[in-house]
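Q: My questions all concern the structure below.
Residue numbers (the numbering used here): 110 to 619.
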């Protein structure tokens, strides 16, 4: 989380309190203002689209159709917000809402629905999440703020690349992937159906939607269920709750079965290509690169306009170490879609493997502009380190180190390797104690992954004439990883109130 964003959220605690929920009319504890909600949504909407497959741009008429349905529902909502709707190029059945009314629905969920009324049920549900300030309520209770402060990368269940997000983008990943409580889900179901009715849709479509979800969830594996159903778990209880709500609303309304089928016609026609692509991704995950290429080629033959399919071929070539061929595949992907971070990230990594460092750096920086990820910063760190630009390399590794996980740990090791000569005191902690005679004893610990030696400390003190003095002493020998070493400075008396010592030098053992 950026310092600026954190300051905004902390400031909210002193400027807001209880507020009336515009949807339910109930009083809710609220630390986040509407302006802050809208700002959070606007800042994170584009990066989160990148994180989850990018915009589904090969069927613009479908996007226009979804926006039209969403706009009808937004117009009758209880809270005017700058609502936006986008379709994402992702096969996982998922939909989400950011604070401030920024809403997304995946291609994979659209292909599972059966009518415009079911689509209205999904969008109405997400509109309520935004209108009823459900994310803001969680932030006010500290559920999101705590996680955003403690970690800048969030391992997500239902996004392709959210787990690699760093910096501010990690906050968006957490907002997208937060799990609402049961009351918030039922609230969104209920008022989403009311919005459906107001907009002229048959609220029974929400019953159909939950019936569809229950049916689809039966016998499915956890990966398939990791999207919409992880944060919106289907159940017979929700079906019955929706049925009861529908009974309280005016009967009739638009179902839009034929209109929905017409809107999905192109997307359904190319679905076999995306199905082959998904099989290719599974094969690649299992390191079956030959099978991955077979599925990628099948997808391209069925629908050659989709850049993701060429990127899959590039990934397979990269795993096989054929980076020249991988670059050509990523070039093909970028020619079809030049505004998706992943193609540049992967091409940059392959360019680095080919020692084309300038081209690699350009690609990686372009990918970060669209969606900042740990892998991009990590490889940029490697590039700068290979050029001897230690301080620039450390800046990149520092971003990744804060994210945690295996990549963060690896970046921490590389950061420490470079950092020791420049700021040993940041890496080697020290402790001050007094011996039986009151003399100062200094203990240092090696927190790196390598043996260190030639550790030097500087002791600052005030002499009997009130003059500031300092003296340097060396800690002899080598110190293995996670080990400590001590030296009795023979200086005293030491009161123990402060530790007047700084580690000023050290180096790694050869």
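Ideal Cβ positions, reconstructed from N, Cα and C, are used throughout, including at glycine.
Let's test the definition: count the other Cβ atoms within 10 Å of the Cβ of residue 604 and tell me whether it reaches 16, buried, or not, exposed.
A: Its Cβ having fewer than 16 others within 10 Å, residue 604 is exposed.
Q: Do residue 499 and residue 531 come within 9 Å of each other at the CB atom, strictly closer than that value?
A: The answer is yes: Cβ separation under 9 Å.
Q: So does the segment 382–396 actually touch the segment 413–428, counting three or more Cβ pairs closer than 8 Å?
A: Judged by Cβ distances under 8 Å, the segment 382–396 makes contact with the segment 413–428, as three or more pairs qualify.
Q: Who pairs with residue 205 in a beta bridge, going by DSSP?
A: Residue 205 is bridged to 213.
Q: May I ask you to list the residues that DSSP assigns as paired with residue 554?
A: DSSP lists 593 as partners of residue 554.
Q: Quick check: what's the CA-CA separation for residue 403 versus residue 382?
A: The alpha-carbon atoms of residue 403 and residue 382 are separated by roughly 12 Å.
Q: What is the DSSP secondary structure of residue 569, counted as helix, strand or coil?
A: Of the three classes helix, strand and coil, the one that applies to residue 569 here is strand, per DSSP.
Q: Can you look up residue 534 in the DSSP assignment and give me helix, strand or coil?
A: In the structure shown, residue 534 sits in a helix (DSSP, three-state: H, G or I).
Q: Just to check my reading of the structure: residue 618 and residue 562 have Cβ atoms closer than 8 Å, yes? What is that Cβ distance to the nearest angstrom?
A: Right, the Cβ-Cβ distance comes to about 5 Å (below 8 Å), so this counts as a contact.
Q: Considering only the beta carbon of each residue, do residue 615 and residue 564 sit closer than 9 Å?
A: Yes. Within cutoff.
Q: Whose C-beta lies closer than 6 Å to the C-beta of residue 477 among residues of the same chain, with five residues either side of it excluded?
A: The answer, listed in chain order, is 485.
Q: Measure the C-alpha to C-alpha separation of residue 360 and residue 305 and round it to an integer number of angstroms.
A: Looking at the two C-alpha atoms, the distance is approximately 12 Å.
Q: Would you report the Cα separation of residue 256 and residue 368, rounded to the nearest angstrom?
A: Residue placement at residue 256 is poorly supported in this model, since its pLDDT is 33, which falls under 50; the coordinates are not used for a value here.
Q: If we call anything under 9 Å between Cβ atoms a contact, is residue 595 one with residue 584?
A: The answer is yes: Cβ separation under 9 Å.
Q: For residue 170, list the residues DSSP reports as bridge partners.
A: Bridge partners of residue 170: none, in fact.
Q: Within the chosen definition, does the segment 173–190 reach the segment 210–218 through at least 3 CB pairs nearer than 8 Å?
A: In short, these stretches touch, since the Cβ pair count reaches three.
Q: Which whole-angstrom value is the C-beta distance of residue 311 and residue 204, which I expect to be below 8 Å?
A: Actually they do not touch by this definition, with Cβ atoms about 20 Å apart.
Q: Roughly how many angstroms lie between the CA atoms of residue 576 and residue 569, to the nearest whole one?
A: Approximately 11 Å, taken between the alpha carbons.
Q: Residue 396: buried (16+ other C-beta within 10 angstroms of its C-beta) or exposed?
A: So residue 396 counts as exposed.
Q: If you follow the beta strand (DSSP E) that residue 316 is part of, which residue opens it and which one closes it?
A: No beta strand (DSSP E) holds residue 316; the alpha helix (DSSP H) holding it covers 313–326.
Q: Determine the extent of the alpha helix (DSSP H) in which residue 194 is found, giving its start and end residues.
A: Run containing residue 194: none in the alpha helix (DSSP H); it sits in the beta strand (DSSP E), 193–197.
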